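Engineer: In this note's numbering, the protein residues as written are 40 to 1177. Encoded as structure tokens, here's the structure I'll be asking about.
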């Protein structure tokens, strides 16, 4: 809607009546007709004063968009059309601006849209409150808690596809600015009987179907489940699939929501393992077996299901099997063990399944509260949102203990609704100085007393019957009710003493009927005693406590043999009664806001308005009575300022502006209009109008006056438009004339200027051409003399050149002839010398052959005897000589890290070759070591230690190899800034470095000076040099870091030590390898114990009393390659490493 189109009052363009207080005439038919008229025009919200009536449209409407949120933001409650956003904004602004704690009570029967209404309230508050990373995270966690609780606590019923089977009250906590800090959720009476049995046409809780539909095959295999619904006895098959509901998609939503809320992966896995165990418990079946003593005993038919349950839960199979077959009763020092028959075994199985699921749900609520609770201890403002089961009336006496408890809660809510509404009305009258008159209304306190009275109430009778020794049945409980409550006017029974209903065939003998404020409800007494007892055999509790599954063990603390309590646990009715009392006490401390939800039909279809059904809901919600309470004094009230602003045009004295107080203006206005004095009254800040007819008369007069004003405005506007057009045309004519005169003069000036320039150019050209001719003539004369001289010099040069060429040609001919002669003589001499040499060589060859023949003849016998050995030794000697000479030329460098070595030339030298390589390496290592000073030796020892600790374990290690370990990165002794720190430390400083200390609350870093001495680890403030923490080396137990390329590390301290009072240190350094190595060596030197260095991508850090998981993940960074730390929830710090 455009800005100028937004309505400025509830009364503008009204469809029907937006506020039922203004309805005329007021009766049941007109009330329903008004709701139907608005429903047909998609107006699903109507007011009764400050109460919002919400009709479920069973379809999506375009009235919840971000634009609508902005439209209702910071607007008066009655300023726009009725909407749930208006009530949400009013409650939020009262909390933020007036420091009033608020509560929003959402009531109505099942299927009326209470859960959706609570979501809309929370989403509106989340949209209008502050922004920021931490605030957005809190809002996201608060909103994402809904899908988790709906999956585990909602189910399909015959009236609602997403019916809440538990009551939920959420306190959202805000800071002084109105930004959410966290929240606390309370749950009431989960309908756990639904786990083992569902009425026809209804389903079990959503989570069972979501797991089987949405989990992967691998995940189902881990949980030992199959996708087929028919395999599980606890799942009803007639309504396993719901139209329009995608269980697979909802499962993915639930898992994502659990991650956002803060569930760890192992916690999520444990939760689904418990759900799978509950589902498989229903498949355990028993068979009878007779014992020798004649007693009946039950045995499990197929133990495969039992085996899989035990594998899931970590319970010894024999222990759980015995718990299903025997029951141990303890009384003081005695123990009696009895066998269970088949019926008792089935009861034990179902009781275990119900308790396991109910306790899991309570654990989920507690775990969510841990994640969403406010972290700060500042004063908080609270807004409570109550979404609790609606009034339930089933036909054919299907109302049982659950419906009785639910309807009791609704009776209490109706009671507080009437009390707070009357209280609010009375307080407003007193605040405004209006006389208060007593209002007659039906007080349902008598019905509440019938149920909750400590001596004669139905719940007290039920508890007394459950605790009574002897045979206790549902029939004995009904007999007791007939004796105690027979005379009560709101209790009916066929067996009551007065026999008022003896001939009432509509009331069976096993039932009783209560006249609730919503109407008569008949309850089937069967199951009241068992459901109120809610007993779980101690053998099963102890079997669950023995499980190796941490979650299941935590769910059954009473199973611990060391904590056996023989006292009977409180009944379900007494527990719920106490919870309701606490809830009522909490609600009475807050400013109430009401949303009354109505469902238009039982078919869950759009565009259908069942008047009979709506009429029934109007009666039991007491809406007509609420209107009468509002109208008992004055039907309409409005502050003076908006009243005067809306109706000031009806009086000449107040139109268009009233200069005095707003109240005086309203008095003048009403006196001018002649409204009778009995029709209105003046309060301190508001005008009170008694009859709606007076208000409608004012509206009619205003509408007529607005038409007259519109005509006047139109007339004035037309005159203004004509005058404005005339003045504009006159102004335009003056401007055009002035512009034309300027243009004409400019054109004349340009013409004169152009003529002068042309004359000047002609004169300058003539002078330039005359000068050019003179210069050209002078140049031509100079060039002619130069050309003549050049020709003369050229002639002389060519004559001298010809003479020199002839002389040179004659000298060259003589030289050529002499050269040919010398060559000829040299060739003749060369030929002679070659012939002479050839003859001498032939003689030498012949002589050599002759001498060789003589030698061979002389020494033939000697060579035959010793030639082989001599030749071998000679050859071996020559090979060794050749080997060593080649080794000398191919010797590698003297660097100890040079792994090159010449190849082995001969196989027989293999051992020699290896030994030479070893000796050479030892020699050059010694030569390299001899060059080191004592300080360098210490550095290399640290480098060697770092290699053993981090090589192939920490990705940061290779980059640190080439960096020398300096230790003193801060010149503490020389820098006057650290004089205070230097004076405080009297030991030798091994390492001084600036590190970043990680804040657990938000993951942000603060600079600290890290000092390591011989006996202590110190952390000091970088700016002031003040020592923040001092830890003896003996108190350091472990150092943890990731395997990735980051500088984060945790220093773990000994539990119970003085230094560990604030928890471990989570730090970040650019010299992580050096710091960890020096800390390791110093600790080993002082304590003679090796410091544990843990390298893992996920480790725990102790912060005061809480353990926080630090998890390292790969991810792209906005700030380059710098790892960033971010708090995901109370138990997880996530470090993103590039």
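Even glycine gets a Cβ: it sits at the ideal position worked out from N, Cα and C. A quick note: this is a predicted structure, and the numbers were derived from the prediction, not measured.
Shortest alpha-carbon distance to residue 57 belongs to which of 97, 119, 64, 67?
Structural biologist: 119
Engineer: Whole-angstrom Cβ separation of residue 419 and residue 212, contact assumed at under 8 Å?
Structural biologist: 4 Å
Engineer: When you compare only the Cα positions, how much space is there between residue 292 and residue 1149?
Structural biologist: 25 Å
Engineer: Output needed for residue 54: all residues of its chain with C-beta closer than 8 Å, excluding positions within five of it in sequence on either side, in chain order.
Structural biologist: 76, 77, 80, 82.
Engineer: Among the residues of its own chain, which have a CB less than 6 Å from the CB of residue 808, if the five just before and after it don't count?
Structural biologist: none
Engineer: Just the Cα atoms here: how many angstroms apart are residue 758 and residue 751?
Structural biologist: 11 Å
Engineer: For my contact list, residue 629 and residue 140 are in at a C-beta cut-off of 8 Å; report their separation, rounded to the angstrom.
Structural biologist: 4 Å
Engineer: Please go through the region 227-292 and give each complete beta strand (DSSP E) segment of 3 or more residues, from N-terminal end onward.
Structural biologist: none
Engineer: Keeping to the same chain, check which residues put their C-beta closer than 6 Å to that of residue 792; ignore five residues upstream and five downstream.
Structural biologist: none
Engineer: Can you tell me which residues form a DSSP beta bridge with residue 488?
Structural biologist: According to DSSP, which records beta bridges pairwise, residue 488 is partnered with nothing at all.
Engineer: Looking at the unbroken beta strand (DSSP E) that takes in residue 85, where does it start and where does it end?
Structural biologist: 84-87
Engineer: What span of residues does the alpha helix (DSSP H) with residue 56 cover, start to end?
Structural biologist: Run containing residue 56: none; DSSP gives neither H nor E here.
Engineer: Which of helix, strand or coil does DSSP assign to residue 1088?
Structural biologist: strand
Engineer: Reducing DSSP to helix, strand and coil, say where residue 427 ends up.
Structural biologist: coil
Engineer: Evaluate contact between the region 1103-1116 and the region 1032-1039, counting only Cβ atoms and requiring at least three cross-stretch pairs below 8 Å.
Structural biologist: yes
Engineer: For residue 748, collect the residues of the same chain with a Cβ closer than 8 Å to its Cβ; drop the 5 residues on either side in sequence, then sort them by chain order.
Structural biologist: 688
Engineer: Which term fits residue 87, buried or exposed, when burial requires 16 or more other beta carbons within 10 angstroms of its beta carbon?
Structural biologist: buried
Engineer: Are residue 528 and residue 483 touching if we call contact CB-CB under 7 Å?
Structural biologist: no
Engineer: Take residue 658 as the anchor and find which of 71, 63, 60 has the nearest alpha-carbon.
Structural biologist: 71
Engineer: Rounded to the nearest angstrom, what separates residue 986 and residue 1173 at their Cα positions?
Structural biologist: 28 Å
Engineer: Write down every uninterrupted run of the alpha helix (DSSP H) in the region 1100-1130 whose length is 4 residues or greater and which is fully enclosed by it, in chain order.
Structural biologist: Segments of the alpha helix (DSSP H) lying fully in the region 1100-1130: 1111-1126.
Engineer: Is it buried or exposed, residue 990, if we count other Cβ atoms within 10 angstroms and call 16 or more buried?
Structural biologist: exposed
Engineer: For residue 930, is the classification buried or exposed, using 16 other Cβ atoms within 10 angstroms of its Cβ as the cut-off for buried?
Structural biologist: exposed
Engineer: What is the C-beta distance between residue 1080 and residue 1111, in whole angstroms, given that I count them as a contact (C-beta under 8 Å)?
Structural biologist: About 7 Å separates the two Cβ atoms, so the contact holds.
Engineer: Would you call the region 148-166 and the region 251-268 in contact, with 3 or more CB pairs under 8 Å?
Structural biologist: Output reads no: the region 251-268 does not touch the region 148-166.
Engineer: Rounded to whole angstroms, what's the CA-CA distance from residue 669 to residue 393? Just pull it up for me.
Structural biologist: 46 Å
Engineer: For residue 143, count neighbouring Cβ atoms within 10 angstroms of its own Cβ and tell me buried if that reaches 16, exposed if not.
Structural biologist: buried
Engineer: Go ahead and label residue 441 buried or exposed: buried means 16 or more other beta carbons lie within 10 angstroms of its beta carbon, across all protein chains shown.
Structural biologist: Counting every other CB atom within 10 Å of its CB across the protein chains shown gives residue 441 a total of 16 or more, marking it as buried.
Engineer: Going by the CB atoms, is the gap between residue 219 and residue 168 shorter than 7 Å?
Structural biologist: yes
Engineer: When the distance is taken between beta carbons, is residue 1082 closer than 7 Å to residue 1134?
Structural biologist: yes
Engineer: Measure the C-alpha to C-alpha separation of residue 345 and residue 314 and round it to an integer number of angstroms.
Structural biologist: 15 Å
Engineer: Kindly provide the ranges of any beta strand (DSSP E) runs that are 3 or more residues long and lie completely inside the region 750-812, ordered along the chain.
Structural biologist: Here no run is fully enclosed.
Engineer: Excluding five sequence neighbours on each side, which residues of the same chain lie with their C-beta closer than 6 Å to the C-beta of residue 312?
Structural biologist: 351
Engineer: Could you tell me the distance, in whole angstroms, from the CA atom of residue 696 to the CA atom of residue 754?
Structural biologist: Straight-line Cα distance between these residues: approximately 21 Å.
Engineer: On a Cα-Cα basis, can you pick out the residue from 734, 708, 704 that is closest to residue 718?
Structural biologist: 734
Engineer: Can the beta-carbon of residue 1074 be found closer than 7 Å to that of residue 1098?
Structural biologist: yes
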